[in-house]
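Okay, structure first, notes after.
Number of protein chains: 2
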Amino acid sequence: MKAAISSLTTTTSKNLNLHYSSATLSRSALLNPKPLSRSPSFLPPIPTKIHHTRIDFSGKSHFHTNNFSPVMASSYKPEQARAPPALPLPAPPVTKAIYFYVYILFEIGLCQLSVTPDKERNIAHARKAIEEAAQRGAQLVLLPEIWNSPYSNDSFPIYAEDIDAGGDASPSTAMLSEAARLLKITIVGGSIPERSGDKLYNTCCVFGADGKLKAKHRKIHLFDIDIPGKITFIESKTLTAGQSPTIVDTDVGRIGIGICYDLRFQELAMIYAARGAHLLCYPGAFNMTTGPLHWELLQRARAADNQLYVATCSPARDTESGYVAWGHSTLVGPFGEVLATTEHEETIIIAEIDYSLVELRRTNLPLQKQRRGDLYQLVDVQRLNSE
Amino acid sequence: MKAAISSLTTTTSKNLNLHYSSATLSRSALLNPKPLSRSPSFLPPIPTKIHHTRIDFSGKSHFHTNNFSPVMASSYKPEQARAPPALPLPAPPVTKAIYFYVYILFEIGLCQLSVTPDKERNIAHARKAIEEAAQRGAQLVLLPEIWNSPYSNDSFPIYAEDIDAGGDASPSTAMLSEAARLLKITIVGGSIPERSGDKLYNTCCVFGADGKLKAKHRKIHLFDIDIPGKITFIESKTLTAGQSPTIVDTDVGRIGIGICYDLRFQELAMIYAARGAHLLCYPGAFNMTTGPLHWELLQRARAADNQLYVATCSPARDTESGYVAWGHSTLVGPFGEVLATTEHEETIIIAEIDYSLVELRRTNLPLQKQRRGDLYQLVDVQRLNSE
Numbered sequence: 001m002k003a004a005i006s007s008l009t010t011t012t013s014k015n016l017n018l019h020y021s022s023a024t025l026s027r028s029a030l031l032n033p034k035p036l037s038r039s040p041s042f043l044p045p046i047p048t049k050i051h052h053t054r055i056d057f058s059g060k061s062h063f064h065t066n067n068f069s070p071v072m073a074s075s076y077k078p079e080q081a082r083a084p085p086a087l088p089l090p091a092p093p094v095t096k097a098i099y100f101y102v103y104i105l106f107e108i109g110l111c112q113l114s115v116t117p118d119k120e121r122n123i124a125h126a127r128k129a130i131e132e133a134a135q136r137g138a139q140l141v142l143l144p145e146i147w148n149s150p151y152s153n154d155s156f157p158i159y160a161e162d163i164d165a166g167g168d169a170s171p172s173t174a175m176l177s178e179a180a181r182l183l184k185i186t187i188v189g190g191s192i193p194e195r196s197g198d199k200l201y202n203t204c205c206v207f208g209a210d211g212k213l214k215a216k217h218r219k220i221h222l223f224d225i226d227i228p229g230k231i232t233f234i235e236s237k238t239l240t241a242g243q244s245p246t247i248v249d250t251d252v253g254r255i256g257i258g259i260c261y262d263l264r265f266q267e268l269a270m271i272y273a274a275r276g277a278h279l280l281c282y283p284g285a286f287n288m289t290t291g292p293l294h295w296e297l298l299q300r301a302r303a304a305d306n307q308l309y310v311a312t313c314s315p316a317r318d319t320e321s322g323y324v325a326w327g328h329s330t331l332v333g334p335f336g337e338v339l340a341t342t343e344h345e346e347t348i349i350i351a352e353i354d355y356s357l358v359e360l361r362r363t364n365l366p367l368q369k370q371r372r373g374d375l376y377q378l379v380d381v382q383r384l385n386s387e
Numbered sequence: 001m002k003a004a005i006s007s008l009t010t011t012t013s014k015n016l017n018l019h020y021s022s023a024t025l026s027r028s029a030l031l032n033p034k035p036l037s038r039s040p041s042f043l044p045p046i047p048t049k050i051h052h053t054r055i056d057f058s059g060k061s062h063f064h065t066n067n068f069s070p071v072m073a074s075s076y077k078p079e080q081a082r083a084p085p086a087l088p089l090p091a092p093p094v095t096k097a098i099y100f101y102v103y104i105l106f107e108i109g110l111c112q113l114s115v116t117p118d119k120e121r122n123i124a125h126a127r128k129a130i131e132e133a134a135q136r137g138a139q140l141v142l143l144p145e146i147w148n149s150p151y152s153n154d155s156f157p158i159y160a161e162d163i164d165a166g167g168d169a170s171p172s173t174a175m176l177s178e179a180a181r182l183l184k185i186t187i188v189g190g191s192i193p194e195r196s197g198d199k200l201y202n203t204c205c206v207f208g209a210d211g212k213l214k215a216k217h218r219k220i221h222l223f224d225i226d227i228p229g230k231i232t233f234i235e236s237k238t239l240t241a242g243q244s245p246t247i248v249d250t251d252v253g254r255i256g257i258g259i260c261y262d263l264r265f266q267e268l269a270m271i272y273a274a275r276g277a278h279l280l281c282y283p284g285a286f287n288m289t290t291g292p293l294h295w296e297l298l299q300r301a302r303a304a305d306n307q308l309y310v311a312t313c314s315p316a317r318d319t320e321s322g323y324v325a326w327g328h329s330t331l332v333g334p335f336g337e338v339l340a341t342t343e344h345e346e347t348i349i350i351a352e353i354d355y356s357l358v359e360l361r362r363t364n365l366p367l368q369k370q371r372r373g374d375l376y377q378l379v380d381v382q383r384l385n386s387e
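Taken in sequence, the protein lines are chains A and B. The first sequence lines up with residues 1 to 387 when you count with the UniProt record's numbering. The second sequence lines up with residues 1 to 387 when you count with the UniProt record's numbering.
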């Protein structure tokens, strides 16, 4: 199964260098013992002191009652609700020791950047933000959609870079690679316009703590919408859609990638969950119409329905630009709860992710075991074909 | 295709009498010309005066730009994102003439009822609420989950009725049938405990304006959850799960039915949307833990993701009862916007549904044409097998 995922991800880039760190104590384990994150008051209390005993990443959660009937559930074929069957959640490689306990947590940085028509400035500016996020403890940094260029069909061809050629042909990703290596962090590099042959893509690069490109996601669902008098944008006028979902094993867990409009397609998040994702990262630039309507709703829904973390990162709002972004970069927990968010100004959010909550919520609400594979089935076409 | 749906629905009850009203002027067309519903201010304006010209229920929405490339979209096989392929939205049989224009709208009544251990009182009380809702203009009335009985595993066997036997064996549904016939309205009758042979179900009956049982939905996903210290409930201790999704053509459109925990499974809503539903009705009794966490989130997500109306109806809150319901019955529009809601006290919500908005929102955001059938596919097992 793991081989299947790797082979899929590999198809997205020649430069992939997938590896999977085993669960060891992280470098900041004893340097940085912080209090556990607090959930909103209406959430059930998290039994923090027994995390290390109650978490089971074998994929076999234990239901804490004798009343539950596994016989009944199995007759509904929950394992068939996904084809191929859902993978068990992998053991996250991120751990932190606090006194006698080992926690599965780390900090994420969401850099809600201001973006200008000056590409050099955008790159230098993003670098500073990444450095600040790392300095404040982030082991994973997420950037916005199209952070090196104005968001417009006129700009995409001008600002596009040849990522596969690398070096001078792609100063934006060269910076990301160097920053990741020097800071020893994972970077989900938002997105930039990518030129590949005669085609343009909206592309997200993921760099590991060694500076190597681990995955490249080309936006699968292009942003072609028409709400008369409000927002009309036809991304397919200039861009080509990617051909593959992208999920990648990093030092901070298994991460599924989507870009902006990809968030609207619940099937993609469902596929990632079935491939064992701990976290979905969506760089995105919703606008002043779709932002208030759907931005928070969709990310909370993806998190709650799939019982995993969702992080989004938007550009800061610039009311003078042709496309005005909504902002509101957000981290959502596996119960669909907003853990950290902001308004529309430029800012860096640092927030804690605790993967033990993913397993806990799946024990609270064992949706995976309750699905009706006898009635519906979601097929992951590429994973199925690769088996 | 239509035959496939009918045959599926028919399997849920011997008493089904499916029919599909053609789009004619409704009886209240000229009697009751009300102003159109107003959307929240952040929503794009609805071009009300051209509804009659821009709505196309052939399933072929027109994209209002020359930039959109259907060739590109078709290479992604959006029609294969559902198996069998999604049905076109049927012409809703509900219309209302106002001056020279014909609108596709009607009023729904959500009866958030108080429920007591006195079954006779519950039935009489529900009847009064239905009558009041109809008097206030509702052509469709929705009741809460388990409205004739306390919500508890101890009560289900005691309050259960033999719906198929009817008459004295099921006083609750006999009342619903009579009320529907006398008031000439459609009733989605919340749910009651049903006894069938030696099994118990959590069952929703849909009655047409002629008083006939049109569909019977047995809760497909049983409520077995365990959030220690907050809420633990194992419905499967007494109940058996239903074996079929339920979608039904009524005088007020094509309606997909789910009961409470069914709302958590996005696949069911996706199946209903692909079968051409205008509206999903979920009688439900979320509790004081899951209510604030997920009740509104899930119904808004189902509506926005599937671009259709979602109506929910809860019992009123009784803090003295063993299971304390969240309340907050709600109507959500096809952009995921809350159109009408309430707190937890007993009340009747009357709100307007305008199906032309379903088509409008699908034109604004043509998700159906943008899905990646080359990457994922949701299979409706029963519909596929019936073809």
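Beta carbons: idealized from backbone N, C-alpha and C, even for Gly. Everything numeric in this text was worked out from a predicted model, so none of it was measured.
Below 8 angstroms, too few C-beta pairs join the stretch 377-385 of chain A and the stretch 324-339 of chain A to call them touching: fewer than three. Within 10 angstroms of the beta-carbon of B:Ser155 lie 16 or more other beta-carbons, which makes it buried. Where B:Lys369 is concerned, the enclosing alpha helix (DSSP H) starts and stops at 367-370. Runs of the beta strand (DSSP E) lying entirely within the stretch 86-125 of chain A and spanning at least 3 residues, in chain order: 94-98, 101-103, 105-112.
Put simply, of A:Asn385, A:Leu105, A:Leu367 the residue whose alpha carbon is nearest the alpha carbon of B:Phe223 is A:Leu367. Contact with chain A is found for B:Ile271, since one of that chain's Cβ atoms lies less than 9 angstroms from the residue's Cβ. Under the 9 angstroms criterion on CB atoms, A:Ile225 is classed as interfacial with respect to chain B.
Its chain contains Asn122 as the residues whose beta carbon lies nearer than 7 angstroms to that of B:Thr116, once the 5 sequence neighbours on both sides are disregarded; these appear in chain order.
Secondary structure note for B:Pro171: its alpha helix (DSSP H) is the uninterrupted segment 171-183. CA-CA distance, B:Leu105 to A:Tyr103, rounds to 54 angstroms.
Look at A:Glu267: its C-beta is under 9 angstroms from a C-beta on chain B.
Using beta-carbon distances, A:Leu297 counts as an interface residue toward chain B, with a partner under 9 angstroms.
Excluding residues up to 5 positions away in sequence, Glu79 lie with their Cβ nearer than 7 angstroms to the Cβ of A:Pro85 in the same chain. Around B:Pro245, the beta-carbon contacts reaching into chain A at under 7 angstroms are Leu375. Using beta-carbon distances, B:Phe335 counts as an interface residue toward chain A, with a partner under 9 angstroms. With fewer than three CB-CB distances shorter than 8 angstroms, the stretch 193-203 of chain B does not count as touching the stretch 124-136 of chain B. In this structure, A:Gly242 and A:Tyr201 form a Cβ contact; the two beta carbons are roughly 6 angstroms apart against a cut-off of 8 angstroms. Chain order gives no chain A residues near B:Tyr151, where near means a beta carbon separation below 9 angstroms; the closest approach is about 16 angstroms. Nearest CB-CB separation between A:Arg264 and chain B: below the 9 angstroms threshold. Secondary structure within the stretch 196-228 of chain B: the beta strand (DSSP E) runs of 3 or more consecutive residues, fully enclosed, are 199-207, 213-218, 224-227 (chain order).
Taking a contact as a CB-CB distance under 8 angstroms, the pair B:Thr312 and B:Gln299 counts as one, their CB atoms being some 5 angstroms apart. Closest in C-alpha terms to A:Val248, from the list A:Pro228, A:Leu213, A:Asp162, comes A:Leu213. Here the C-alpha atom of A:Glu120 lies approximately 21 angstroms from the C-alpha atom of A:Gly284.
Secondary structure of A:Thr342 (DSSP, three-state): coil. With a cut-off of 8 angstroms on Cβ pairs, the stretch 338-354 of chain B is not in contact with the stretch 227-242 of chain A, counting fewer than three such pairs. Under the DSSP assignment, B:Asp380 falls in the beta strand (DSSP E) whose first and last residues are 376-380.
In this structure, the straight-line span from the alpha carbon of A:Pro93 to that of A:Glu352 is close to 15 angstroms. If one requires a minimum length of 3 residues, the beta strand (DSSP E) runs lying completely within the stretch 309-361 of chain B are 309-313, 330-332, 338-341, 347-354, in chain order. The beta carbon of B:Arg362 does not come within 9 angstroms of any beta carbon belonging to chain A, so the residue lies off that interface. In the DSSP assignment, B:Phe233 is bridged to B:Ile225. When the five nearest sequence neighbours on each side are left out, the beta carbons in the same chain lying within less than 6 angstroms of the beta carbon of B:Gln307 are those of Pro334, Arg361, Arg362, in order along the chain. Exclusion of the five residues before and after B:Ser177 leaves Phe207, Gly211 as the residues of its chain whose Cβ lies within less than 6 angstroms of its Cβ.
Beyond the five residues adjoining it in sequence on each side, A:Gly373 comes within less than 7 angstroms, by CB distance, of Tyr76, Lys77, Pro78, Glu79, Gln80, Ala81 in the same chain, given in chain order.
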